[in-house]
Amino acid sequence: MNLRHLMIFKQVAKDGSVTVAANNLLLSQPAVSRAIKEFEKELGLELFDRISGKIYINQSGKIILTKAEKVLMLIDDIGDLSHKLAQQKNLRMGATITIASTLMSQIIKMHERNYPENKVTVLVDNPTDIERKILNNELDLALVEGVSSEKEISTMTLSEYDLCFICSVNNPLAKQASVTIDDVLKERLLLREKGSAVRDTFDNYLAMRNISPEAVWTSVNSPSLVQAVSENLGVSILAADIVRNVRTKEDIKELNIENFKLTNSIGIIYRTDKQNHTGVKEMIEVVQKIIR
1 MNLRHLMIFK QVAKDGSVTV AANNLLLSQP AVSRAIKEFE KELGLELFDR ISGKIYINQS
61 GKIILTKAEK VLMLIDDIGD LSHKLAQQKN LRMGATITIA STLMSQIIKM HERNYPENKV
121 TVLVDNPTDI ERKILNNELD LALVEGVSSE KEISTMTLSE YDLCFICSVN NPLAKQASVT
181 IDDVLKERLL LREKGSAVRD TFDNYLAMRN ISPEAVWTSV NSPSLVQAVS ENLGVSILAA
241 DIVRNVRTKE DIKELNIENF KLTNSIGIIY RTDKQNHTGV KEMIEVVQKI IR
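In UniProt numbering, the protein residues as written are 1 to 292.
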């Protein structure tokens with residue numbers, strides 16, 4: 001039994017004639033007759049009564065026809081659905097916390113304007129988990145800081161941002177034109193969580209100097225660290241863009257640190273085998289317009 005059998009059976013039942021059904025199906029009469037016989041043989045039922053060279057659907061045929069019509073209708077529904085899904089490109093996108101705080105809203109808004117038929121879901125997570133989800137095909141692409149070392153992942157670097165230290169205006173360091181990194185490390189450190197790009201960059205910088213930072217406050221939320229700094233609970237190192245977006249000049253100061261400059265790159269990562277994925281290419285174009 002196959003779809004061809006069902007379609008021919010339905011047409012013959014509708015037309016009440018093998019000849020008429022063959023014309024409507026653009027098939028030969030013998031081909032239609034053969035298909036009906038094959039279908040009846042497979043079912044072990046006669047679906048038509050044959051009287052004086054004519055055929056009449058019998059009771060068994062009517063019952064089978066009801067089921068056949070449901071199957072064919074379901075097949076049509078699947079065809080319509082597949083067409084709609086082909087037009088609608090669902091995209092699963094990841095972003096690190098820092099990028100989500102500064103860029104994702106602009107990116108999603110532009111993508112919705114340019115591709116209103118597409119649906120984008122966003123997951124905000126740390127770089128390690130995002131990379132794992134890219135590898136496991138749980139995400140199609142992601143905006144992250146840094147470069148992936150995984151062979152199966154491609155990285156497209158787009159830009160970079162500065163990291164800056166901040167302190168309260170009531171902290172003695174705020175009164176100085178410049179300070180050293182040693183001065184800063186004597187303060188209570190309010191840091192992002194381990195595994196975040198900002199924290200990893202800072203930890204790597206200190207590791208090269210055989211220094212292990214001791215954070216008195218660790219958070220995944222940059223604005224909460226800014227708030228804590230404004231209350232003079234310590235100093236923090238964060239993405240400069242985030243600091244400038246959330247701080248007020250009256251209570252926070254960016255420190256000028258001698259011989260100190262740290263940056264993080266911003267890039268798009270995706271599985272290399274998805275480089276020709278239409279949705280991925282469209283999102284990359286949008287991101288490039290926003291960031292470059």
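From the three backbone atoms N, C-alpha and C, an ideal C-beta is built for every residue, glycine too.
### Query
Can you name the start and end residues of the beta strand (DSSP E) that Ala95 belongs to?
Counting along the chain, the unbroken beta strand (DSSP E) around Ala95 starts and ends at 91-95.
### Task
Drop a sphere of 10 angstroms on the beta-carbon of Met93, count the other beta-carbons inside from all chains shown, and report buried for 16 or more, exposed for fewer.
In this structure Met93 is buried. Its beta-carbon is surrounded by 16 or more other beta-carbon atoms within 10 angstroms.
### Which residues DSSP lists as bridging Gly267, in chain order
Secondary-structure assignment with DSSP links Gly267 through a beta bridge to Val144, Thr157.
#### Entry: Pairwise C-alpha distance: Glu131 and Val216
Their Cα atoms are separated by approximately 28 Å.
### Query
Do you know offhand how far Leu72's Cα is from Leu26's?
Linking Leu72 to Leu26 through their CA atoms gives a straight-line distance of about 19 Å.
### Message
Measuring only the C-alpha atoms, how far is Asp77 from Ser149?
### Response
Ser149 has its alpha-carbon roughly 44 Å from the corresponding atom of Asp77.
### Query
Span of the beta strand (DSSP E) holding Arg50?
That run of the beta strand (DSSP E) goes 48-51.
### Sequence-distant residues of its chain with Cβ nearer than 7 Å to Val20 (five each side left out)
The answer is none, since no qualifying residue turns up.
#### Entry: Tyr115 (DSSP reduced to helix, strand or coil)
In the structure shown, Tyr115 adopts coil according to DSSP, grouped into three states.
#### Entry: Continuous alpha helix (DSSP H) stretch holding Val20: start and end
Residue range 18-25 is occupied by the alpha helix (DSSP H) that includes Val20.
#### Entry: Residue ranges of each alpha helix (DSSP H) within the stretch 156-225, 4 or longer
As far as the stretch 156-225 is concerned, its whole alpha helix (DSSP H) runs of at least 4 residues are 181-185, 197-207.
### Task
Note down, in chain order, each residue of its chain lying with its Cβ closer than 7 Å to the Cβ of Ala13, except the 5 sequence neighbours on either side.
The answer, listed in chain order, is Ile57, Gly61, Leu65.
### Task
Figure out for me which residue from Asp200, Ile269, Arg244, Val226 has the closest Cα to the Cα of Val287.
Of the candidates Asp200, Ile269, Arg244, Val226, the one whose C-alpha sits nearest the C-alpha of Val287 is Ile269.
### Query
With distances taken between CB atoms, is the gap from Gly16 to Ile63 smaller than 9 Å?
In terms of Cβ geometry, Gly16 and Ile63 do not form a close pair [threshold 9 Å].
### Query
What are the partner residues of Ser236, as DSSP defines its beta bridges?
Ser236 is bridged to Ile166.
### Query
Should Ala177 be labelled buried (16 or more other beta-carbon atoms within 10 Å of its own) or exposed?
With fewer than 16 other Cβ atoms within 10 Å, it is exposed.
### Query
DSSP state of Glu69, grouped into three classes?
Three-state DSSP puts Glu69 in a helix.
### Query
Counting Cβ pairs closer than 8 Å, one from the stretch 155-168 and one from the stretch 231-241, do we hit at least three?
Yes, the stretch 155-168 is in contact with the stretch 231-241.
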